[in-house]
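Novice: Chains R and F, in that order, are what the protein sequence lines are.
Our numbering numbers the first residue of the first sequence as 3 and each following residue consecutively.
Our numbering numbers the first residue of the second sequence as 49 and each following residue consecutively.
We put the beta carbon where it would ideally sit given N, CA and C, even for glycine.
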Amino acid sequence: MGSTVKSLKGQQHELANSSFQLTVLQAPTQHGTQFPAFARRLQEHDLFPLKPTGTTILQVNMGKMCNQTCKHCHVDAGPDRKEIMTRDTMQLCLDALQHSPDITTVDLTGGAPEMNPDFRWFVEELSRLGRQVIVRCNLTIILANKKYHDLPAFFRQHGVHVVSSLPYFQASRTDAQRGDGVFEKSIKALQLLNAEGYGLEGSHLQLDLVYNPSGAFLPSAQASLEAEFKRRLRSGYNISFHNLFCITNLPISRFLDYLVQSGNYDAYMEKLVNAFNPVAAAGVMCRNTVSVGWDGSLYDCDFNQMLELEVALGSPRHIRDFDAAALDARSIVLNQHCYGCTAGAGSSCGGETVK
Amino acid sequence: MEKTYYNPADLSKFGNISELQPEMGRKFFDYYGEVFKEGALTAREKALIALAVSHAVQCPYCIDAYSTDCLEKGADENQMMEAVHVAAAIKGGAALVHGVQMMNKIKELTM
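1) Tell me which residue opens and which closes the alpha helix (DSSP H) that R/His76 is part of.
2) With 8 Å set as the bound, which would you pick, yes or no: does the beta-carbon of R/Glu46 sit closer than that to a beta-carbon of chain F?
3) Measuring alpha carbon to alpha carbon, tell me which of R/Thr142, R/Gly316, R/Phe124, R/Gly285 ends up nearest R/Val135.
4) Quick check: the Cα distance between R/Asn214 and R/Arg43, rounded to an integer number of angstroms?
5) State yes or no: is the beta carbon of R/Ser264 nearer than 8 Å to at least one beta carbon in chain F?
6) Could you name the residues of the same chain whose beta carbon sits closer than 6 Å to that of R/Pro280, not counting the 5 residues immediately before and after it, in chain order?
7) Do R/Glu116 and R/Tyr150 have their CB atoms nearer than 8 Å?
8) Find the residues of chain F that neighbour R/Glu230, judging by a C-beta separation of less than 8 Å, and give them in chain order.
9) Buried or exposed: which applies to R/Pro30, given that a residue is buried once 16 or more other Cβ atoms fall within 10 Å of its Cβ?
10) Short of 7 Å in beta carbon distance, which residues of its chain neighbour F/Lys121, apart from the five on each side in sequence? Order them along the chain.
11) My output table needs one value for R/Gly342: the three-state DSSP class, helix, strand or coil.
12) Within the chosen definition, does the segment 282–301 of chain R reach the segment 238–245 of chain R through at least 3 CB pairs nearer than 8 Å?
13) Can you tell me where the alpha helix (DSSP H) with R/Tyr200 in it begins and where it stops?
14) If we define contact as Cβ-Cβ less than 8 Å, is F/Leu99 a contact residue for chain R?
15) Taking R/Asp97 as part of the alpha helix (DSSP H), name the residues at either end of that continuous run.
16) Hey, quick one: how far does the alpha helix (DSSP H) through F/Cys118 stretch, first residue to last?
17) So, do the segment 192–210 of chain R and the segment 96–110 of chain F have three or more beta carbon pairs nearer to each other than 8 Å?
18) So, helix, strand or coil for R/Glu85, using DSSP?
19) Following a CB-centred definition, is R/Cys72 positioned closer than 7 Å to any heavy atom of the ligand SAM?
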C-alpha cells in the first residue's frame, strides 16, 4: 500500500529542502512570467499585514510518520519519517490550553496521528479539558494493524470529530493519489465508522470527508461535489457522512514535485494566481488557528510548518512560551504558496472559506 | 504569421475577443456565464454536455477547457468518455441517416 515509496526526504530529493521549495515558488515561469508577490495582492485589498481574528483552534501535528505515502502530501509523510511528538511536548500543549479558554478546538494531524504512541493519552487529556478534538484520520490506519482496529470505538468514547481524506468515490483516482488498495481499505474503514454511529443522519458523532483533486486541477463548488459524493457512496457502498470539505492542493512538498515532474507547475500556479479571491483571503484559516510542530515550534498553519516558516519574529515561537494574546497580535507570515488558500471559493482544513 | 493555427496559450486570451467589439463580447460572455450556472441541469451535467459538443465541433480549446472543467466538477473518466461516445454516435448517425437520402436518389434514378 505504497509503503515501499520513499518520502522526498528519504530520497534526499532537493524538494525535501524547504528553502529550495521557496526558491521554486518565487522564481519566474519558464516563459518569464513573474507572479505578483502574495503580500502585494493582499495590500491591494487592505488585508496586509494579515492579522489574526482571534485564535480558537490549535492544530497539532503529532509527527510525520504515516502508513501511507500519498503523492500529494504536503508533509512529505511516510513510514520512513521518524519525527514524532513526545509526551512532554503534548503536556506543554495541554498547559497552554489550560491558560487559553478561547481555544475551543484541538485539531490533531500528522502523518497518521494515531501512530504516535501517546496519541490515546493525549486525546483522553484533551477530552478531560473539555475541548473539541478533531482527528485527521487517513482511514486505512484503522485496518493497518490489529492494535488500531478499536479506533472507531475509541473515537466514539471521546466524542472525537473524525475528518478523513477520500479524494474520490472510485478506486482509480483515489489509489492514484494515495497508493494501491487505499480505496478498498478506506471504504471498509468508513463502514466501520458508520457501524459505530459516525456520519449517520442526526448522529452527533461527526464524520466529515476531505476531497482534494487527484491532479493539477482545482476543486469545484463544495455543495455540488458533496451531493455527488453522498449519492455515490450511499448507492455503491451504503456509506453515510456529514460534510465534504473541498481542499485545494498547495504547491509545496510532494505536490510541488508532482507539478514540476508532470510539467504542470506554471499552469497550476497561473490558475491559482488568476483565481485569487479577496473574500477567500479574508477568511483564511491562519487567522483563527495556531499550528504546533512535532517539536513544539509554532507556525501560522500546517503549510508554513512544512516550509519551516515559523511565526513572525517577536511572537512566542514554542509551545512552552504560548501566549494567546501575544500570538493574536502577530502578523501572519506569507509566501507564494498562500495563493492556494485564496483561490476561488477558498480552501482551508474545513473546506471552502467563502460561505 | 503564427507557426500553428492552434496555440494552447490562446485559450486564456478568449476574453480578448471583446477588444474589437466590446458590446457584443460582453453580451456573449454574460450569456455564456448564465448558460453554465447550476439550473435545471447541474453544473457537472452541463460540463459533460459541453465536453461532448467540444468533440462534435472539434474545438481543441474547448476540449482542453471542458476536460479540466469535468475533472474539477467531479465527473469520472467513464462519464467523460461516454459523453464523447454520445457526440460520436450523433456525428456518425448524422452521416448515416443521410444514407436514406442516398437510397431515395438511387430509387429515383434506377430502374
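Specialist: Concretely, from the data shown:
1) R/His76 -> no alpha helix (DSSP H), and no H or E assigned at all.
2) No - not a single Cβ of chain F is within 8 Å of the one on R/Glu46.
3) The residue with the shortest Cα to Cα distance from R/Val135 is R/Phe124.
4) One Cα belongs to R/Asn214, the other to R/Arg43, and the distance between them is close to 25 Å.
5) No, because no Cβ of chain F sits closer than 8 Å to the Cβ of R/Ser264.
6) Once the five neighbours on either side are set aside, the close Cβ partners of R/Pro280 are His47.
7) Yes; because the gap between Cβ atoms is below 8 Å, this pair is in contact.
8) In chain order: Arg92, Gly122.
9) Within a 10 Å sphere around the beta-carbon of R/Pro30 sit fewer than 16 other beta-carbons, which makes this residue exposed.
10) Ala91, Arg92, Ala95, listed in sequence order.
11) R/Gly342 carries a helical assignment under DSSP once its states are collapsed to helix, strand and coil.
12) Counting C-beta pairs closer than 8 Å gives fewer than three between the segment 282–301 of chain R and the segment 238–245 of chain R, which falls short of the contact rule.
13) Here R/Tyr200 belongs to no alpha helix (DSSP H), and DSSP marks it neither H nor E.
14) Taking 8 Å as the threshold, the shortest C-beta distance from F/Leu99 to chain R does not fall below it.
15) Counting along the chain, the unbroken alpha helix (DSSP H) around R/Asp97 starts and ends at 89–100.
16) It spans 108–120 - the alpha helix (DSSP H) in which F/Cys118 sits, taken as one unbroken run.
17) No: fewer than three Cβ pairs fall under 8 Å.
18) R/Glu85: coil per DSSP, three-state reduction.
19) What this structure holds is no ligand at all, so the ligand SAM is not there to describe.
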